[in-house]
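Comments concern the structure below.
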Amino acid sequence: MTQRQLIVRGLAATVPLVLGAGLVAAPTAYGDPSPSPAASAAWAPSPLNAVTVRVDPSYRQQKFEGWGTSLVWFANATGGYPDALRNRLVDLLFGEDGLRLNIARYNIGGGNAPDVRTDYMKAGATMEGFWKAPAGTTRQDMDWWNPDDPGHWNWNADAGQRWWVDQVKDKVTRWEAFSNSPPWFQTVSGYVSGGFDSGADQIRPDRVDEFASYLVRVTERLEREHGISFDTIDPLNEPNTTYWGTQLGVDGQPTGGRQEGAHAGPALQQKVILALDEALKHTTTGAKVSAMDETNPGIFTQNWNAYAAPARAAVDQLNVHTYGTGMRTSARDIAKGAGKKLWMSEVEGTWGAGTDFTGMEPGLGIATRMVGDMRELEPSAWVFWQPIEDALPQAAAGKNWGSIHVPFNCTSRDTPQTCPIRTNSKFHTIRNFTHYIRPGDRFVKVDDTDTVAAVRASGDAASVVHVNSGTTARSVTLDLSRFRKISAQATVTPVVTSADGALVRGAPVTVAGGSATLTVPAKSVTTFLVDGVSGVAKDAALVQPGHVYRLTGAQSGKSLAPAADGSGVAVRTADPARAEQLWNVIPSAGTDHRARYSLTGASTGRRLAVRDGRAVLEDAAGAADDAAQWIMSTTGDGSWTFVNAATGRLLDVSGQSTADGAEVSVYTPTSAANQRWTVTDETVRSTETAEAFTVPGLRPGLPSTVTPVFPDGARGSLPVVWRLPADRAWRKPGSVRVKGRATDALGREIAATAVVTVDRIVSTLPGGATTYAGGRPELPTTVVGVGSQGGRAVLPVTWDPAPEGAFDTVGVVTLHGVARVVDGSTVDASVQVRVTEAVETNVAPDDGVSVDATFTESGYSAERLRNGDLTEKAWSNWKPGTAKNPSDTITFTLPKARDLTRIVARFHRDGTNASFPESLKVQVRPADGVWSDASDAVPVGTEGAPVVSVPVTAAPATAVRVVMTARPGGYITLSEIEVYAKAPLTR
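Count the sequence shown with the numbering used here and you get residues 279 to 1265, in order.
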């Protein structure tokens, strides 16, 4: 029985779903974490069960160009299949019931020498070049090719890919050509699978111009022969990696690598780009240069930062892959600063354990990647590596690359029965995106990391895609209030992919009060089709005419302000009274996600610009030039980057300092927190009504401040001057309204009102408090006084000491005290303390709790360790290179002392890596400020995603920390840390 016969038989059976495995292709794992046997507590899944998603059409991306795929290996392998097979594959990718792709990337093969074996690469990966070598040419013959000799071209090459071109060209709206390697005779090693040193440049420097000519000539020919037009050519693929290396066997023939590839450092990349740009000036094709198809945004950023101005100018479109997801926002901001289009031009991966055609893990994995890329990269197109994968190696390795599996060794005699085509859940969840977000639509901002949204090209509808990777159903509320118009007939229709079916359309839900709430199943991807919404509400956009703003550093926690000498800017401790910390944000050009703004001091009128590589404040005379314009970017998380339009550099707290007065300048994008800013609207809309109390005959003392109301609500205080009426207003019980004027930091006056209650206090209402047996109640500091005419007043109170052991047992304890009235008189007071049995509660998410880490990888946050999401990769201490941290500590500081019971650390498996500590220890800090051990070192296992629960018995603590010791050479990733403490039982 052949290998393919075996796999056909195996594919006929249902593959069981195995939870807990991670992504191989990229550093994010999907699936349910399961406890390590070494953990001291059982796994207890409790994913979020409700979320509100705010859709904000005021921040809209460019017109989306669409979804695509590289043709490459699968087209090479299947282009010669029988019609019943290959036509079905075409329909699955480009058909109405398929993925509905509209972008195709054509791989211009390099091709090895005629005497090199053709079976050492992966099936389909041996790509033909379009050259034709003279008879007898061997791999040692490196200088024979003459592009001007017609006899040196083979225009019949690559029949498989070209068959696909003819089948899909009526459905493809964007074509890109790309190269993985030049032909063998233009490489250093003489092999298209890479150099003998995979970290050394592989493209012959003396053949760069000929390589560019090769790409352009092939592009021209393909356009003429097939009636298509290429938009771009990318001459490189993941160039600055060590992926591409050739190994030789004892017979001198290659045994690896397994695909075409060529290393090129940034210097060589620039030479290739400039050569291609020059070649395109003398051609019939209208294609432009795209670059550089790097493997992840981090290396992409490294490459781009090394490019000189001529190479940057030669690139028309930026291409990046997301096999790693760190620094996606850096690639986004590079594209914005350079004024260039950005594509996510390749990604795939394998999620789940075992080749799986029934479970949701593969589908959830790719859907989560698509959501993250669209939110953080803001690409104008999103392209798969190849949705069609060879079924044989996938089954043999238990992998789930691709969404469509078919053997790559089928013959002209095969049928759909002998060469089966199968789809996994990726195929279905991908369609939740590709069927409902189409070319011409515009992605818009949402504030939920599991969601993307796009406004349709028609302008009167939207599509929202939400991924629920948790193990329970989730209630999703769509807040649509930021649309200008919501029709009375507006509805939301769910289209759900889950274990129960693909693209199952539910009943429409009417939008009421600007929102709609629907429930989605566990482990599902849902597209919400929103009909009857349009435009942008007047107050939806963050930047409003005439408003003033505070820019607070996400990393420093301090406000942007003029430097001490006034020439530059710095971060200062936030002070609502300091006018110099307020800024005007003034639109200057554009209306989409690349709109430009100028920043001027609200009190000084001086404008922020970049001169000689430094952020400076200058007089705002005349229109702002590029150096004084800034592009604002956000993922929807509430923070923004500011990209300088002239330099492409970001507003940056130098050295990641948190010191008061630390310099702020500009730096290349890093995706670090010192380049993110919270932009808060500090425009006072009104003030809250103040309340006061007096007794008859006593002129009241009114508060010296009132609470201002900002666009985001009431907070802070403003000084106020009251216009008190004559003394006769206070002679008898009643209510008196007093007018006043509050003053904001900029000296602007705002109307204020106080309501004064006049009455005689005769009693108080009993106060209330709750504690648990053995606990300490928080007694109220005030009680409500009751007047003879029904007036009410909040009175300060002093309580008598509680008897010893008063709260040791369950029951109700009454304490007494004395409340003081404004005229100096007193009145009796009481408080009833309800004592319950102790229960434990997770206090980590409570208000006032802060989380700090000794180190955090860029793009992650210790603060996310308390957001309740048990599946995300919230915190990481990964560092590039081999030098990893031997230990790191996560500290939770509590707003008050708590009786802690246990700490639960939920680790995140990063792909296939055991990204967990070897052990951890819990330490606590009581009120005396001295840290002490609350546990011994607890070992952490490596199975699944370990969950470690550590019991804590200690004096009341004001802080707790988890000290983690890394595995040798390893790093640590966490999803959540739960801090459990005693609490009273709630009714």
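For each residue, glycine too, the CB sits at the ideal point set by N, CA and C.
If you count every other CB in all the chains shown that lies within 10 Å of the CB of His541, and 16 or more means buried, which is it?
Flag for His541 reads buried.
At 3 residues or longer, and completely inside the region 1110-1146: list those beta strand (DSSP E) runs for me, N to C.
Runs of the beta strand (DSSP E) inside the region 1110-1146: 1116-1120 and 1128-1131.
Straight-line CA distance for Ile715 to Ala739?
Rounded to the nearest angstrom, the two C-alpha atoms are 11 Å apart.
Measure how close the beta-carbons of Pro665 and Leu363 come, nearest whole angstrom, since I'm counting them as under 8 Å.
Their Cβ separation, rounded to whole angstroms, is 15 Å, which puts Pro665 and Leu363 out of contact at 8 Å.
So, with DSSP's three-state summary, where would you put Ser457?
Of the three classes helix, strand and coil, the one that applies to Ser457 here is coil, per DSSP.
What are the residues that DSSP puts in a beta bridge with Glu1256?
Paired residues: Val1182.
Hey, would you say Ala1116 sits closer than 9 Å to Phe1085, going by beta carbons?
The answer is no: Cβ separation not under 9 Å.
Can you tell me where the alpha helix (DSSP H) with Ile1028 in it begins and where it stops?
Run containing Ile1028: none in the alpha helix (DSSP H); it sits in the beta strand (DSSP E), Glu1027 to Val1036.
So, using beta-carbon positions, are Asn702 and Ser736 closer together than 9 Å?
Their beta carbons are not under 9 Å apart, which means Asn702 does not touch Ser736 by this criterion.
Which two residues bound the contiguous alpha helix (DSSP H) that contains Val486?
Unbroken alpha helix (DSSP H) run through Val486: Val486 to His504.
Grab me the residues of Asn796's own chain with a C-beta within less than 6 Å of its C-beta, minus the 5 sequence neighbours each way, in chain order.
Note on residue identity: the sequence assigns Leu, not Asn, to residue 796. Contacts found: Val754, Pro772 and Val787.
Go to Trp1077, then tell me how far its beta strand (DSSP E) extends in each direction, as first and last residue.
Residues Arg1070 to Trp1077.
Hey, would you say the C-beta of Gln418 is under 8 Å away from at least one heavy atom of the ligand FMN?
Among the ligands in the structure shown, none appear at all, so the ligand FMN cannot be discussed.
With a threshold of 16 other CB atoms inside 10 Å of the CB of Pro1055, please say whether the residue is buried or exposed.
Classification for Pro1055: buried.
Return the bridge partner residues of Phe971 from the DSSP annotation.
Note: Phe971 sits in a beta bridge opposite Thr1035.
Could you please give the first and the last residue of the uninterrupted beta strand (DSSP E) stretch that includes Ile699?
No beta strand (DSSP E) holds Ile699; DSSP gives it neither H nor E.
To the nearest angstrom, report how far apart Ala669 and Ala401 are at their CA atoms.
Distance between the alpha carbons of Ala669 and Ala401: 11 Å.
With Gly975 and Trp1008 assumed to form a contact (beta carbons below 8 Å), what rounded beta-carbon distance in angstroms separates them?
Gly975 to Trp1008, Cβ: 6 Å. Contact.
Taking the alpha-carbon of Thr727 as reference, which of Gly1146, Asp611, Gly1018 and Gln1067 has the nearest alpha-carbon?
Minimum Cα distance to Thr727 is reached at Gly1146.
Which of the three DSSP states, helix, strand or coil, is assigned to Trp660?
Correct three-state label for Trp660: strand.
Whole angstroms is fine: what's the gap from Arg440's alpha carbon to Ser491's?
Roughly 20 Å between the two C-alpha positions.
With C-beta atoms as the reference, is Ile1028 less than 9 Å away from Leu1073?
Against a cut-off of 9 Å, the Cβ pair of Leu1073 and Ile1028 comes out as no contact.
Let me make sure I understand the geometry here. Which of Val774, Thr689, Val550 and Asp692 has the alpha-carbon closest to that of Ile708?
Considering only alpha carbons, the answer is Val774.
Near Asp757, which residues of its chain fall below 8 Å by C-beta distance, leaving aside the five closest residues on each side in sequence?
Hits under 8 Å: Thr330, Val331, Arg332, Val333, Gly792 and Ser793.
Can you check whether the CB of Ser1197 is closer than 9 Å to the CB of Val1216?
Yes, these two residues count as a Cβ contact at 9 Å.
Measure the alpha-carbon distance for Val486 versus Gly530 and round it to whole angstroms.
Near 27 Å, if we compare the C-alpha coordinates of Gly530 and Val486.
If you drop the 5 nearest sequence neighbours on each side, which residues of the same chain put their C-beta closer than 6 Å to that of Gly1248?
Within the same chain, Gly1248 has no close Cβ partners at all.
Can you check the region 584-622 for any alpha helix (DSSP H) of at least 4 residues that lies completely inside it and give the ranges in chain order?
Runs of the alpha helix (DSSP H) inside the region 584-622: 587-592 and 606-616.
How is Asp361 classed by DSSP in three states: helix, strand or coil?
In this structure, Asp361 counts as helix in the three-state DSSP scheme.
What residue does the alpha helix (DSSP H) around Ala545 start on, and which one ends it?
Element bounds for Ala545: Pro544 to Leu558.
What are the boundary residues of the alpha helix (DSSP H) that Arg647 is part of?
Arg647 -> alpha helix (DSSP H) spans Glu639 to Glu654.
For Phe686, I'd like the list of residues in its chain whose CB is within less than 6 Å of its CB, leaving aside the five on either flank, ordered along the chain.
Closer than 6 Å at the Cβ level, and outside the excluded window around Phe686, lie Ala355, Ala401, Gly402 and Asp668.
DSSP on Phe408, reduced to helix/strand/coil?
Phe408: coil per DSSP, three-state reduction.
Rounded to the nearest angstrom, how far is the Cβ of Glu556 from that of Arg610, given a contact under 8 Å?
Wrong, their Cβ atoms sit about 29 Å apart, outside the cutoff.
How about Ala818 and Phe761: do their beta carbons lie closer than 9 Å?
A contact, by the Cβ cut-off of 9 Å.
So, with DSSP's three-state summary, where would you put Ala950?
Coil.
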